[in-house]
Amino acid sequence: MKQNSNHSIQLDAARLRDLFHSGRRKKFVAGVRLALRQILAKLHVEGHYDQVITLTKQDPCYRELNNTWEELKPAVRSQKWQELMERLVQIAYGTRPYCLRCGECCLLGSPSLHLEDAELLSRGVLSTRQIYTLRRGEPVKFNLEGRLGVLPSELIKIKQHEEKHHCIFYGKNQKGCTIYDHRPLQCRVQACWDPEALEKLWQQEKLTRRHLIKEDQDLLAMLDVHDERCDPKKLDAAFTRLHDTGDLAVLNEVLDILRQDTAIRDFVTKKLNCKDEELDFLLGRPLVEIVRAYGMKVEKDEDGVYHLVSDQ
Ligand code: SF4
Ligand code: SF4
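My numbering runs 260 ahead of the 1-based position in the sequence shown.
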């Protein structure tokens, strides 16, 4: 589950180019009105237009830009326009500070679980087949900041639809959550009109595999072995080295880590009686999938030998 991005509300590129290059105030005013209608449609409150346009005209950011638009250079107009759009979104949300249960945040992804959510597993609302682990060191996109990076600590998330990436508990027919009364903490805190609430929650302690597998000593020992041998940080370091030095020997090291990951997965299903569907929770995503984040994929040749090749 991700926060809706303010930047997703945009006029089309040709109109924006014209707006920034012509510099005519009349076009600026018409552009603001059009953008506002799009923002209100996105927030499902088209009827708030009169109220929001009145508030916009009183806004210092809008007033300054309205007075100076014709004097600014196109690049400055473009930058100030972005700032104004964020302001308009805030103003519009100010007139709609509540959840409509539109389900759009559920379509953007799934929530991470916090300590409070452990009871959803003990009560059977969630099962280990419906969640997966992002291990420390995995390459991920940080939703709140929109940047790529390496995950600093482990997260457990609800699984997402394979192609569409929405939360598996999103019900298409009712356009909403199928476990609404038992939804995880992040979903209860989610408030598209108040991103700070989610930012604060993000600082709180997350649920990890070791919180959930307290008793099974064999499994815990296997997790330690897997985390040590198949540490995603080793992949990250190897691909960084490949990038910096061009040393292709790195690929053999990566293949060796991938082989160990596959072997441990086999062992856990065959010897520890775990189900295939639980592996993404117990051992995280297979490393053969994770290498795709580095632009590589694994292929088998005619002799059955695995190779890492470019995924471009
Ligand atoms: S928080 Fe509510 S109104 Fe906002 S996107 Fe999610 S479901 Fe829709
Ligand atoms: S658990 Fe429910 S509320 Fe939370 S993201 Fe999934 S569908 Fe939406």
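Note that the Cβ used here is the ideal one computed from N, Cα and C, for glycine as well.
Reduced DSSP category for residue i - H, G, I as helix; E, B as strand; rest coil
i, result
"Asn266", "Legend: pLDDT at Asn266 = 46, less than 50; position of this residue unreliable, no value from coordinates given."
"Ile418", "strand"
"Gly291", "helix"
"Val400", "strand"
"Gly354", "helix"
"Cys437", "strand"
"Ala427", "For the sequence presented, residue 427 should be read as Cys rather than Ala. Note: Cys427 maps to strand in three-state DSSP."
"Asn533", "coil"
"Ser382", "helix"
"Glu459", "helix"
"Arg552", "helix"
"Ala523", "helix"
"Ser282", "helix"
"Lys493", "helix"
"Gly564", "coil"
"Ala273", "helix"
"Asp319", "coil"
"Gly307", "helix"
"Asp484", "helix"
"Pro546", "coil"
"Leu296", "helix"
"Thr328", "helix"
"Gln450", "coil"
"Lys474", "coil"
"Lys302", "helix"
"Cys362", "coil"
"Ser338", "helix"
"Arg580", "In the structure as shown, the chain starts at 261 and stops at 572, and residue 580 therefore has no counterpart that could be examined."
"Asp516", "helix"
"Asp507", "coil"
"Arg347", "helix"
"Thr388", "coil"
Residues that DSSP places opposite residue i in a beta bridge
i, result
"Lys557", "Val569"
"Ser372", "Lys417"
"Thr393", "Ile416"
"Leu408", "Lys401"
"Lys466", "His374"
Under 8 Å between C-beta atoms of residue i and residue j
i, j, result
"Cys427", "Gly369", "yes"
"Leu483", "Ile517", "no"
"Leu391", "Lys417", "The sequence given here has Ile at residue 391, not Leu. Yes, these two residues count as a Cβ contact at 8 Å."
"Arg552", "Asp571", "yes"
"Pro334", "Phe288", "no"
"Leu532", "Asp487", "no"
"Leu495", "Leu568", "no"
"Asp377", "Leu445", "yes"
"Glu206", "Thr468", "Here the chain covers residues 261 to 572 and nothing more, so residue 206 does not appear."
"Thr355", "His308", "yes"
"Asp540", "Thr529", "no"
"Val312", "Leu300", "yes"
"Cys490", "Asp521", "yes"
"Cys321", "Leu296", "no"
"Cys437", "Cys366", "yes"
"Leu394", "Lys401", "no"
"Lys340", "Leu325", "yes"
"Ile550", "Pro399", "yes"
"Val510", "Arg519", "no"
Whole-angstrom C-beta distance between residue j and residue i, which should lie under 8 Å
i, j, result
"Glu330", "Gly283", "5 Å"
"Gly363", "Lys302", "In fact, because the Cβ distance is near 14 Å, the residues do not count as touching under 8 Å."
"Glu538", "Thr328", "Actually they are not in contact, since the Cβ atoms of Glu538 and Thr328 sit about 60 Å apart, beyond 8 Å."
"Asp319", "Arg337", "No, Asp319 and Arg337 are not in contact; Cβ-Cβ is about 17 Å, not under 8 Å."
"Leu381", "Leu472", "6 Å"
"Ala523", "Glu513", "Ala523 to Glu513, Cβ: 16 Å. No contact."
"Lys560", "Tyr566", "6 Å"
"Leu373", "Lys466", "7 Å"
"Leu294", "Leu315", "Incorrect: roughly 17 Å between the Cβ atoms, too far for contact."
Nearest-residue set for ligand 1, Cβ under 6 Å from any heavy atom: The answer, residue by residue, is Asn264, Cys359, Leu360, Arg361, Cys362, Gly363, Glu364, Cys365, Gln450, Ala451 and Cys452.
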